[in-house]
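In the order they appear, the protein sequences are chains H and L.
Just so we're aligned: the first sequence equals residues 1 to 344 in the numbering used here.
Just so we're aligned: the second sequence equals residues 345 to 688 in the numbering used here.
Number of protein chains: 2
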Amino acid sequence: MRAGRVRIQDIAAEAGVSVTTVSYILNKTPGQTFASETIQRVHDAVTALGYVPNMAARSLVNNRSRLIGVVIPQTELHKEFMFSNPFYGDFLSSVEYTARQNGYHILISGTNADQTYIEVARTRSLDGIIILGMYLEEHYAEIKRAEIPVVLVDCYSENKDFTAVQIDDRQGGYMAAKYLLDKGHRRIAHVTGLLKSRGVNQQRMVGWRMALEDAGIAYDEALLYDGEVSYEHGVKAGEKIAGSFRESGVTAVFVSADIMALGLYKGLKNGGALVPSDISVISFDDTWLAGICDPELTAVRQDVALKGKTAVEAVLGVIDGKLSDKREITLPISIVERGSVCGR
Amino acid sequence: MRAGRVRIQDIAAEAGVSVTTVSYILNKTPGQTFASETIQRVHDAVTALGYVPNMAARSLVNNRSRLIGVVIPQTELHKEFMFSNPFYGDFLSSVEYTARQNGYHILISGTNADQTYIEVARTRSLDGIIILGMYLEEHYAEIKRAEIPVVLVDCYSENKDFTAVQIDDRQGGYMAAKYLLDKGHRRIAHVTGLLKSRGVNQQRMVGWRMALEDAGIAYDEALLYDGEVSYEHGVKAGEKIAGSFRESGVTAVFVSADIMALGLYKGLKNGGALVPSDISVISFDDTWLAGICDPELTAVRQDVALKGKTAVEAVLGVIDGKLSDKREITLPISIVERGSVCGR
């Protein structure tokens, strides 16, 4: 179906030089020098014939595909991306834009960062990989053996072989709980996702717990609501909290993602608890969802677009040999005050 | 940085056959036959040496990259995907999953479907392209010249050179307005995105207008609120409608995307109008956002995941020469009744 493509042989014939010469000149092969007149003839032939260099061929010649793989966590069904959480869309959008500005394309996979993916990375000759989220520690060793530059995002792995891009999630959890404590709250529940060892949710939970303990409040497991990061889990937790807050004394909730905060609002409303007069709420991420809640959400803000940009720049830096492959980059966070928290 | 890769030459040496023979056998080149013993020796060598075929090399041999390009519309800033609208995330997620199940990867670009993208498609040897949304008619002719299988999604182009996957958006707009008319509403406003010629929003608008005219209601331009498909545009339109509904007599709104419906709710509330007792609302798409509105949204439902799956299967069918490249596939729509519409 494809039309006849202009080949490198055609360029060589048109310019009156060898195929090897054309290849050296077009690929700017180090150590190969040519008369400027020869270089000009080759470029003239390229222009005259409308030659489009084939990335597959170029990849074989200089071992560069200009492709970056991006591994995104899937839903529990292992079918699709977790796109109902806008964090992922915002991240991916920024990664794609930054890569494109640098002459790279991204290959997105909803697969696990496991052996299967390493095969993909090798067969596709990926120049680098950005891995979002936590995977099994054993997989990092396999990835290391593939010897492809890797940047881990939002992963507190013990493995220090790769550049890591993250925020200080523990500090973020601490800030959220401290903010509520400073407003006079003492019984503060926490609604979060699955507490995978070394994952972001576990870190945020530890921060919440540390802030309470620093304020002299003993940890109470009954105030922890962990489940899937989803709207539905937020609804269920909200209904439970609303159904018991008069007895439990809970006056505030720290929820670890905006998507769950939306569900939490719904569940609290279903159970007859008002935000913020009965229950104050502070969220995490500050995606666009925070602004559509009523009242709008007070939240720990991270710059998701900056996270995506930083991850791409980090992996490109390693590919180009300009940056170390073992850096740890921690991006800033802050608290955005809106209407979902009131003082006691 | 990359480790020594097992090359096809190593396989040839191990199996005691020529490189050409290995290539023919591994690529299953048509018209080339070998003794089953030879084929076995080559496969044994592949297993013994842990050979990973290089997709770049394979792409040169059989002209297949097993890459499908996906062009996604950008925000007005031409920087990022329009991911605040969950339609795009749901679509992309389904496209990635279906492609992966078929041994393909997707190359996502936020670029325009213009000359620059054709260069990308050619240099990347894309096997096919899925283009979402409306672009300039002149670009379709350029795409046609590139002779790469293309599937257009949500595009009512005059160009009939490509397979088109869509719903009947005009019918959807008609159904939405008819539903409100059947509930006794006569003054029905329409909140929508930019009315690009032949785009989905224009089709939905025409359907709304036709339903009104069929009911003997003259078109009133003052009831059309077109702008960017965004939460913010919904808020502005909602505030305007709430500020004038007692004079204008508007009792219902047809809004052409869930993301705008969320904004519309906020704007109506800001302006003191209640949903549905003052203003009934019917939306379009029925993404997960429809369920988080309060009251939950009645909406024209389309199956976005099916749309993504259908687009991939259509482009793979053309690539494999099993399907015509000029089909028109129209997916079903329906109305999902929830709590945002009441009778007059």
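Cβ atoms here follow ideal geometry from the backbone N, Cα and C, with glycine treated the same way.
Determine the direct distance from the alpha carbon of residue j to that of residue i, and round the result to whole angstroms.
i, j, result
"H:G271", "H:I129", "45 Å"
"H:T310", "H:V165", "7 Å"
"L:F431", "L:I677", "15 Å"
"H:A273", "H:S248", "13 Å"
"L:R346", "H:D285", "Any reading at L:R346 must be qualified, since the residue scores a pLDDT of 35, below 50, and its modelled position is unreliable; the value itself is stated next. In a straight line, the C-alpha of L:R346 is about 37 Å away from that of H:D285."
"L:S541", "L:R548", "12 Å"
"L:I492", "L:I450", "15 Å"
"L:T373", "H:I259", "51 Å"
"H:T330", "H:T287", "19 Å"
"H:R344", "L:K651", "50 Å"
"L:T391", "H:S125", "20 Å"
"H:E14", "L:R466", "22 Å"
"L:E583", "H:I319", "51 Å"
"H:S18", "H:Q40", "14 Å"
"L:E486", "L:T507", "16 Å"
"H:R338", "H:C293", "10 Å"
"L:T364", "H:D169", "55 Å"
"H:T98", "L:T455", "12 Å"
"H:D226", "H:G317", "37 Å"
"L:Y575", "H:G31", "56 Å"
"L:Y461", "L:Y484", "12 Å"
"H:R246", "H:E158", "42 Å"
"H:E119", "L:G433", "26 Å"
"H:E221", "H:R209", "10 Å"
"H:E138", "H:K322", "28 Å"
Got a sec: is the Cβ-Cβ distance from residue i to anything in chain L below 8 Å?
i, result
"H:P86", "yes"
"H:G128", "no"
"H:Y97", "yes"
"H:H185", "no"
"H:W288", "yes"
"H:I279", "no"
"H:L223", "no"
"H:E89", "One point to set straight first is that residue 89 of chain H is Gly, not Glu, in the sequence displayed. H:G89 counts as touching chain L."
"H:I292", "yes"
"H:K160", "no"
"H:R338", "no"
"H:K322", "no"
"H:K309", "no"
"H:Y231", "yes"
Just to confirm my understanding: we take residue i, look at its own chain, exclude 5 residues before and 5 after, and list those with CB closer than 8 Å. What are they?
i, result
"H:V357", "Here chain H covers residues 1 to 344 and nothing more, so residue 357 of chain H does not appear."
"H:Q171", "G207 and I333"
"H:C342", "K183, P276, S277 and S280"
"L:G611", "G578, V579, K580, A581, G582, E583, K584, I585 and A586"
At least one CB of chain H closer than 8 Å to the CB of residue i: is that the case?
i, result
"L:S453", "yes"
"L:G661", "no"
"L:H449", "yes"
"L:K580", "no"
"L:Y461", "no"
"L:R385", "no"
"L:L606", "yes"
"L:Y484", "no"
"L:V363", "no"
"L:E420", "Residue confidence for L:E420 is low, a pLDDT of 48 falling below 50, so the modelled location carries little weight and cannot support an answer."
"L:K610", "yes"
"L:R548", "no"
"L:R444", "yes"
"L:R645", "no"
"L:R335", "This structure does not reach residue 335 of chain L, given that chain L is present from 345 up to 688, and the question cannot be answered."
Using 8 Å for Cβ pairs, my map puts residue i next to residue j. What's the rounded Cβ distance?
i, j, result
"H:L262", "H:G234", "6 Å"
"L:R645", "L:V599", "No, L:R645 and L:V599 are not in contact; Cβ-Cβ is about 14 Å, not under 8 Å."
"H:L297", "H:S340", "5 Å"
"L:R410", "L:G447", "6 Å"
"H:V304", "H:I68", "The Cβ separation is near 18 Å, so there is no contact."
"H:A352", "H:A177", "In the structure as shown, chain H begins at 1 and stops at 344. Residue 352 of chain H is therefore absent and cannot be evaluated."
"L:V366", "L:V386", "6 Å"
"L:A581", "L:V535", "4 Å"
"L:E572", "L:Y563", "The pair is not a contact, with the Cβ atoms about 23 Å apart (cut-off 8 Å)."
For residue i, collect the residues of the same chain with a Cβ closer than 6 Å to its Cβ; drop the 5 residues on either side in sequence, then sort them by chain order.
i, result
"L:K488", "D505"
"H:A215", "L181"
Leaving out five residues on either side along the sequence, give the residues of the same chain with a beta carbon under 7 Å from the beta carbon of residue i.
i, result
"H:D10", "L49"
"H:I217", "R186"
"L:M478", "C499, K540, R542 and G543"
Ordered list of alpha helix (DSSP H) runs contained in the region 532–556 of chain L, each at least 4 residues:
none
Every unbroken alpha helix (DSSP H) inside the region 348–403 of chain L [4 residues or more]:
352–359, 363–370 and 380–393
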